[in-house]
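A.B. asks: Residue numbering for the sequence shown follows the numbering used here, starting at -15 and increasing by one per position.
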Amino acid sequence: MYNQMSFYFNKQSPFIFSDVNKQTIKNYQVSEHNKNEKNYFPKDFLLFLGTGCAVPSKTRNVSSLLLYTEKTSLLFDCGEDTFGQVYRCDPTLNIISNLNCILLSHSHADHILGTCKIIKYIYQKHKRRIHILCSQNVNNFIQQYVTEYVFIGVMDYVNSKKDIILHEYTIKVEKSDHFMDSVFYSVYIQNFHVTYSGDCRPSCKFIEMSKNCDVMVHEATYNTEKDLAEKRKHSTEEEAKEVFYKSKGKYLILTHFSNRNTSYNNNINNNNNNNNINNITNNNNNITNNNNNIKYAYDYYLFDLSKNI
C-alpha cells in the first residue's frame, strides 16, 4: 500500500526544474552587495575574521584579522577558512583585492591553515605574489602546498632589531613568550599605529612597542584562570588590560577567546548575532563595557579606524 501511494504521488507531482543556477544566484548576490558596499565598509578599518582559539566553533572561527586601508591591506594571522570568512562578508572579495602581506604570529595550526588558499587566490586573480612574514617553520609548511609568494623570515628582524619596510607599512617584530617561533607585531600605516600580540604571556616588550598606539589587539584566551594561562602561555582578560593600561594606548580590542569560556559573550550586546553577517557594524557602542576604549571582538566585528582615530 505504501509503495502504491508513493508511486501515485510521484506520478501526479513531477519534479519542477528551475533555470536559476548557482552562477545566477552568485551574480545577484554580488550586484546587491555592490549597491550597499559603501554602507558596509568605511575608508580604513579592522575586520575580525576569527576570534576564537584552537578550533572553529559555532560562534567563532580561528584567528584572523584584516587591516584595510584605501591603498593596501594586510592580514594578521590566517586560520582555517579565513577566505570563507572574507567571502561571507564581501562576495566581491574587494576587501582583499589590495592585500599585499600576511603576518603570521607563530606555527600553531589555528593561526596558519588558511594561508595557502589566500596565496592561491591573490596569485590566480591578481597575478601578484604577496609577502608572507613568518618563521622558517611556517615557511616550510606553506611551501609544501604553494610557492607563489615572497617569504620574509621574521626571526632575522627579531635578532637584528631592524624594521621591515614593506609597501606602505613599517613593521616591527619582537619575540613573544608562547612558542619557539611566536612573535608580536607593531604596524605603522598612514597615521595609524596598530599592535598585535598573537598568542602570548604578558610582556614588557609588547608594552614598549605599543606605547601610545592607536589600537592594541591582545589575546585573552582565559577569563580568570591565571594558572591555566601561565601553564599554556596565554593571557587572561585582566592581564591583557594591564598591558594596555601600561602602554597608554587609545583602544584595546580583546580576541582569541577559549571556546570553553562563554562568559565573554556577556560583554556583547544581545542585539548583535555573532553568526549573522548582516550585523557587520562599526558602531562602537555595541560593546557592553564600562571602559569605552576596551572592546571584546567577535567574528565580523568591524572597527572604523578613520572614524575613531
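In this text, a Cβ means the ideal position worked out from N, Cα and C, and glycines have one as well.
Roughly how far, in whole angstroms, is the beta-carbon of Cys295 from the beta-carbon of Ser231, given that I think they are within contact range, below 8 angstroms?
C.D. replies: What the structure shows of the chain is the stretch from -15 to 293, and residue 295 is not part of that stretch, so it cannot be assessed.
A.B. asks: Output the residue ranges of the beta strand (DSSP E) runs that lie fully inside the region 120 to 182 and measure 3 residues or longer, sorted by chain position.
C.D. replies: 133 to 137, 148 to 150, 153 to 159, 167 to 173, 176 to 180
A.B. asks: Express the C-alpha separation of Val227 and Val178 in angstroms, rounding to a whole number.
C.D. replies: Translated into positions along the sequence shown, residue 178 becomes position 194. Translated into positions along the sequence shown, residue 227 becomes position 243. Taking the straight line joining both Cα atoms gives about 15 angstroms.
A.B. asks: By how many angstroms is the C-alpha of Tyr280 removed from the C-alpha of Thr272?
C.D. replies: Against the sequence shown, residue 272 aligns to sequence position 288. Against the sequence shown, residue 280 aligns to sequence position 296. In this prediction, Thr272 has a pLDDT of 39, which is less than 50 and means its spatial position is unreliable; what the coordinates show is noted afterwards. Rounded to the nearest angstrom, the two C-alpha atoms are 9 angstroms apart.
A.B. asks: Does the region 140 to 148 come within contact of the region 64 to 79, defined as at least 3 CB pairs closer than 8 angstroms?
C.D. replies: no
A.B. asks: Rounded to the nearest angstrom, what separates Phe67 and Glu214 at their Cα positions?
C.D. replies: Looking up residue 67 in the sequence shown gives position 83. Looking up residue 214 in the sequence shown gives position 230. Near 32 angstroms, if we compare the C-alpha coordinates of Glu214 and Phe67.
A.B. asks: Run the CB neighbour count on Asp283, radius 10 Å, all protein chains shown included, and call it buried at 16 or more, exposed below.
C.D. replies: Translated into positions along the sequence shown, residue 283 becomes position 299. Classification of Asp283: buried, given that the 10 Å Cβ count is 16 or more.
A.B. asks: Considering only residues of the same chain and omitting the five flanking positions on each side of Asp165, which have a CB-CB separation below 6 angstroms?
C.D. replies: Along the sequence shown, read from residue 1 onward, the residue named residue 165 stands at position 181. So the list reads His90, Ser91, Ser119, Asn121, once near-sequence residues are dropped.
A.B. asks: Measure the alpha-carbon distance for Ile293 versus Ser194 and round it to whole angstroms.
C.D. replies: Within the sequence shown, residue 293 is the residue found at index 309, counting from 1. Within the sequence shown, residue 194 is the residue found at index 210, counting from 1. Each residue's alpha carbon lies about 15 angstroms from the other.
A.B. asks: Exposed or buried, Cys100, counting other C-beta atoms within 10 Å across all chains shown (16 or more means buried)?
C.D. replies: Counted from its first residue, the sequence shown places residue 100 at position 116. Cys100 should be labelled buried.
A.B. asks: Can you grab the Cα-Cα spacing for the pair Asn124 / Asn175, in whole Å?
C.D. replies: On the sequence shown, residue 124 is found 140 positions in, with the first residue counted as 1. On the sequence shown, residue 175 is found 191 positions in, with the first residue counted as 1. Distance between the alpha carbons of Asn124 and Asn175 is about 35 angstroms.
A.B. asks: Which residue marks the beginning of the alpha helix (DSSP H) containing Asp211, and which one marks its end?
C.D. replies: Reading the sequence shown from its first residue, position 227 is the one you call residue 211. Segment 210 to 216, the alpha helix (DSSP H) holding Asp211.
A.B. asks: Report buried or exposed for Gln69, applying the criterion of at least 16 other Cβ atoms within 10 angstroms of its Cβ.
C.D. replies: If you number the sequence shown from 1, residue 69 lands on position 85. Burial call: buried.
A.B. asks: Helix or strand or just coil, what does DSSP make of Tyr280?
C.D. replies: Taking the first residue of the sequence shown as position 1, residue 280 is located at position 296. Tyr280: strand per DSSP, three-state reduction.
A.B. asks: Kindly indicate which residue of His202, Lys146, Gly34 has the alpha-carbon position closest to the one of Ser160.
C.D. replies: On the sequence shown, residue 160 is found 176 positions in, with the first residue counted as 1. Nearest C-alpha to Ser160 among His202, Lys146, Gly34: His202.
A.B. asks: Would Ile103 pass as a contact of Tyr133 if the rule is Cβ separation under 9 angstroms?
C.D. replies: Residue mapping note: residue 103 aligns to position 119 of the sequence shown, counting from 1. Residue mapping note: residue 133 aligns to position 149 of the sequence shown, counting from 1. Between Ile103 and Tyr133, the gap from beta carbon to beta carbon is short of 9 angstroms.
A.B. asks: Since Tyr169 contacts Leu87 with CB under 8 angstroms, what's their CB separation in whole angstroms?
C.D. replies: Position 185 of the sequence shown, counting from 1, holds the residue named residue 169. Position 103 of the sequence shown, counting from 1, holds the residue named residue 87. Right, their Cβ atoms sit about 5 angstroms apart.
A.B. asks: Once DSSP output is grouped into helix, strand and coil, what is the label at Asp65?
C.D. replies: In the sequence shown, the residue the question calls residue 65 occupies position 81. Here Asp65 sits in coil by DSSP.
A.B. asks: Please return the same chain residues whose Cβ sits closer than 8 angstroms to the Cβ of His325, not counting the five positions on each side in sequence.
C.D. replies: Because the chain spans -15 through 293 in this model, residue 325 falls outside it and cannot be assessed.
A.B. asks: With 16 as the cutoff for other CB atoms within 10 Å, does Cys188 come out buried or exposed?
C.D. replies: Counted from its first residue, the sequence shown places residue 188 at position 204. Exposed, by the Cβ-count rule.
A.B. asks: Alpha carbon to alpha carbon, how far is Gln128 from Asn276?
C.D. replies: Taking the sequence shown and counting its residues from 1, the one referred to as residue 128 is at position 144. Taking the sequence shown and counting its residues from 1, the one referred to as residue 276 is at position 292. Near 45 angstroms, if we compare the C-alpha coordinates of Asn276 and Gln128.
A.B. asks: In chain order, what residues of the same chain lie with their CB nearer than 6 angstroms to the CB of Tyr285, ignoring the 5 residues before and after it?
C.D. replies: Along the sequence shown, one-based indexing puts residue 285 at 301. If we look at Tyr285 and ignore the five residues flanking it on each side, its Cβ neighbours are Phe32.
A.B. asks: Just to confirm my understanding: we take Tyr180, look at its own chain, exclude 5 residues before and 5 after, and list those with CB closer than 6 angstroms. What are they?
C.D. replies: Walking along the sequence shown from the start, residue 180 turns up at place 196. Excluding sequence neighbours, Tyr180 sits near Phe60, Tyr169, Val201.
A.B. asks: Could you tell me whether any Cβ in chain B is nearer than 9 angstroms to the Cβ of His202?
C.D. replies: Among the protein chains of the structure shown there is no chain B, as only one such chain exists.
A.B. asks: For His162, which of Tyr229, Lys27, Thr56, Thr205 has the nearest alpha-carbon?
C.D. replies: Residue numbering aside, residue 162 sits at position 178 when the sequence shown is read from its first letter. Minimum Cα distance to His162 is reached at Thr205.
A.B. asks: Considering only C-alpha positions, which residue in the set His151, Thr53, Ile116, Asp147 is nearest to Gly137?
C.D. replies: Locating residue 137 in the sequence shown gives position 153, where the first residue counts as 1. Of the candidates His151, Thr53, Ile116, Asp147, Ile116 places its Cα closest to the Cα of Gly137.
A.B. asks: Mapping DSSP to helix, strand and coil, what is Asp288?
C.D. replies: Taking the sequence shown and counting its residues from 1, the one referred to as residue 288 is at position 304. It is a strand residue.
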